[in-house]
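All residue numbers for the sequence shown refer to our numbering, where the first residue is -8 and numbers rise by one.
Ideal Cβ positions, reconstructed from N, Cα and C, are used throughout, including at glycine.
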Amino acid sequence: MNWENNVRRVVPYVPGEQPKRSDVVKLNTNENPYPPSPMVKKALDDFDYGRMRLYPDPNAEVLVNSIADFYKLKPSNVFVGVGSDDVLSMAFMTFFNSDKPILFPDITYSFYDVWAEVHRIPYKQIPLDENFRIIPDDYKVENGGIIFPNPNAPTGVLESLEMIEEIVAANPDSVVMIDEAYIDFGGESCLPLIEKYENLLVIQTFSKSRSMAGMRIGFAMGSEKLIKYLNDVKFSVNSYTMDHITQVCGAAAVRDADYFYDCLKKIVDVREYTKEKLTELGFTFEDSKSNFIFASHKTVSAEKIFNALKAEGIFVRYWNKPRINNHLRISIGTREDMDKLIAALTRILAEA
Ligand code: PMP
-8 MNWENNVRRV VPYVPGEQPK RSDVVKLNTN ENPYPPSPMV KKALDDFDYG
42 RMRLYPDPNA EVLVNSIADF YKLKPSNVFV GVGSDDVLSM AFMTFFNSDK
92 PILFPDITYS FYDVWAEVHR IPYKQIPLDE NFRIIPDDYK VENGGIIFPN
142 PNAPTGVLES LEMIEEIVAA NPDSVVMIDE AYIDFGGESC LPLIEKYENL
192 LVIQTFSKSR SMAGMRIGFA MGSEKLIKYL NDVKFSVNSY TMDHITQVCG
242 AAAVRDADYF YDCLKKIVDV REYTKEKLTE LGFTFEDSKS NFIFASHKTV
292 SAEKIFNALK AEGIFVRYWN KPRINNHLRI SIGTREDMDK LIAALTRILA
342 EA
């Protein structure tokens, strides 16, 4: 009768909408507007479907090795998972095991509190300052771990390597995780610090800068000890998290460095163009070093603009949450996507 008393009850994370219509200008989930490297297509074409009867390599060596080569690490410094959401969830489970609260910003990736709840980890949300900056001293208190994205999401604000090091150095008794989902779009990665700090875990994804959100590849880089602990937990949950095809396609993507850098340059150029246009239209925003801009308009409410854009088939992201309920998060698409957005905004604002 009372079986529901034993249910693990959680309020799930709500991902951005994936519309069924194909005529939408989709600027709501920070996907890359360009396809993955042609080398990924080749890897797919070359894949022997007969291999599907076999289990995949549980260590995903081909992918781990290619990531290690790209970042000049040892394979023992790299862990891969099914999207960085999988890696992050696994890392929360592995490293955030204290009775003390873990710390993360009040405005940040809205999955962190969901993982804290599902894994029953106490947590404390630390307010960003009025310009959406992290105050490093706030992270020099007793804690069970620290996590934040750099650049932060959904603000796009990048913190310096010096500031990250200051926080890591002040917390030798905790694991500090830096979620670098958007670092390739102009930030300086804190990866070099993993040699110096055994307790620093850097997490990245193929979903944004490598155009592979649909394939689900994320990875963590850190000391051999951290990676071993992560693998111990992973192999205690599910040995075969990543399928064959994903492993070979991911490896092919990493090996095509030229394509990666070309794609990044295009996105950064369109981002800077979009910043100029949004400013001309009366939007304000903190500078973004990611593939999105978190903007509010001086006179027209974000909610009104969000709904008007949606009616025109242009999807951006809006959260009705304290401190950010007058902001829109606009992903950077192609130049044509952004011109459609600017034209629609010009009309909407003129009519408001
Ligand atoms: N971290 C941040 C900050 C993100 O915005 C996202 C994308 N929703 C992720 C992690 C997860 O991305 P994925 O699981 O596609 O790698």
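Option in the options with minimal Cα separation from residue i
| i | options | result |
| --- | --- | --- |
| proline 163 | Ala51, Tyr130, Asp223 and Phe226 | Tyr130 |
| alanine 334 | Tyr103, Gly304 and Asn311 | Gly304 |
| serine 13 | Lys312, Ser287, Arg124 and Phe306 | Phe306 |
| serine 287 | Ser279, Gly273 and Asn298 | Gly273 |
| leucine 319 | Lys225, Thr325, Arg326 and Ala299 | Ala299 |
| glycine 177 | Ala161, Tyr114 and Ser279 | Ser279 |
| methionine 43 | Leu64, Val239 and Pro6 | Val239 |
| valine 193 | Asp330, Ala204, Ala172 and Gly205 | Ala172 |
| proline 127 | Glu153, Asp330 and Val55 | Glu153 |
| aspartate 223 | Phe197, Val31, Arg124 and Asn50 | Asn50 |
| asparagine 311 | Ser101, Leu64, Lys65 and Val53 | Ser101 |
| tyrosine 4 | Ser80, Asp39 and Val73 | Ser80 |
| valine 245 | Val73, Gln116, Asn56 and Thr85 | Asn56 |
| proline 10 | Met206, Leu54 and Arg308 | Arg308 |
| phenylalanine 123 | Ile315, Trp(-6) and Asp330 | Ile315 |
| leucine 18 | Pro183, Glu342, Lys301 and Ala343 | Lys301 |
| alanine 34 | Ile98, Pro145, Val2 and Asp247 | Asp247 |
| lysine 256 | Thr325, Asn317 and Asn229 | Thr325 |
| aspartate 249 | Ser28, Ser198 and Leu54 | Ser28 |
| proline 313 | Glu121, Glu271 and Leu182 | Glu121 |
Whole-Å CB distance - residue i paired with residue j, under 8 Å assumed
| i | j | result |
| --- | --- | --- |
| proline 24 | aspartate 328 | 6 Å |
| asparagine 141 | isoleucine 169 | 5 Å |
| cysteine 254 | serine 202 | 7 Å |
| glycine 241 | isoleucine 208 | 5 Å |
| isoleucine 112 | phenylalanine 83 | 6 Å |
| threonine 20 | glycine 41 | The pair is not a contact, with the Cβ atoms about 35 Å apart (cut-off 8 Å). |
| glycine 147 | glutamate 277 | 7 Å |
| phenylalanine 210 | valine 78 | 6 Å |
| glutamate 22 | alanine 161 | About 36 Å; that fails the 8 Å criterion. |
| leucine 119 | isoleucine 98 | 5 Å |
Cβ-Cβ distance between residue i and residue j below 8 Å
| i | j | result |
| --- | --- | --- |
| isoleucine 258 | asparagine 282 | yes |
| isoleucine 174 | valine 261 | no |
| proline 47 | aspartate 234 | yes |
| serine 200 | phenylalanine 251 | yes |
| phenylalanine 70 | leucine 221 | yes |
| serine 75 | glutamine 195 | yes |
| isoleucine 339 | isoleucine 284 | no |
| isoleucine 243 | methionine 30 | It is worth fixing the name first, because residue 243 is alanine in this sequence and not isoleucine. It is a contact, given that the beta carbons lie within the stated cut-off. |
| glutamate 150 | isoleucine 125 | yes |
| valine 166 | phenylalanine 86 | yes |
| threonine 232 | methionine 206 | no |
| lysine 289 | threonine 275 | yes |
| leucine 332 | valine 16 | yes |
Extent of the continuous beta strand (DSSP E) run through residue i
| i | result |
| --- | --- |
| threonine 265 | Per DSSP, threonine 265 belongs to no beta strand (DSSP E); it is in the alpha helix (DSSP H), 248 to 271. |
| phenylalanine 283 | 283 to 288 |
| methionine 168 | 167 to 170 |
| phenylalanine 274 | 274 to 276 |
| phenylalanine 197 | Taken as a continuous stretch (DSSP letters only), phenylalanine 197 belongs to no beta strand (DSSP E), as it is neither H nor E. |
| phenylalanine 210 | 209 to 212 |
| isoleucine 137 | 136 to 140 |
| arginine 349 | The chain is shown only over -8 to 343; residue 349 falls outside these bounds and no answer can be derived. |
| glutamine 116 | 114 to 117 |
Host alpha helix (DSSP H) of residue i (start-end)
| i | result |
| --- | --- |
| methionine 84 | 74 to 86 |
| proline 313 | Where proline 313 is concerned, there is no enclosing alpha helix (DSSP H), given that its DSSP letter is neither H nor E. |
| alanine 337 | The displayed chain sequence assigns threonine, not alanine, to residue 337. That run of the alpha helix (DSSP H) goes 326 to 342. |
| isoleucine 158 | 152 to 160 |
| aspartate 129 | No alpha helix (DSSP H) contains aspartate 129, which DSSP labels as neither H nor E. |
| isoleucine 93 | Isoleucine 93 -> not in any alpha helix (DSSP H); beta strand (DSSP E) instead, spanning 93 to 96. |
| tyrosine 100 | Tyrosine 100 -> no alpha helix (DSSP H), and no H or E assigned at all. |
| serine 227 | 215 to 228 |
| aspartate 60 | 52 to 61 |
| proline 29 | 29 to 37 |
| leucine 149 | From DSSP, leucine 149 is part of no alpha helix (DSSP H); its letter is neither H nor E. |
| isoleucine 296 | 293 to 302 |
Practice problem: Please confirm if the stretch 134 to 154 is in contact with the stretch 75 to 93, defined as three or more CB-CB distances below 8 Å between the two stretches. | Solution: yes
Quiz item: Can you find at least 3 beta carbon pairs, one from the stretch 94 to 109 and one from the stretch 48 to 66, that sit closer than 8 Å?
Solution: no
Self-check item: the stretch 171 to 191 in contact with the stretch 208 to 215 per 3-pair CB rule at 8 Å
Solution: yes
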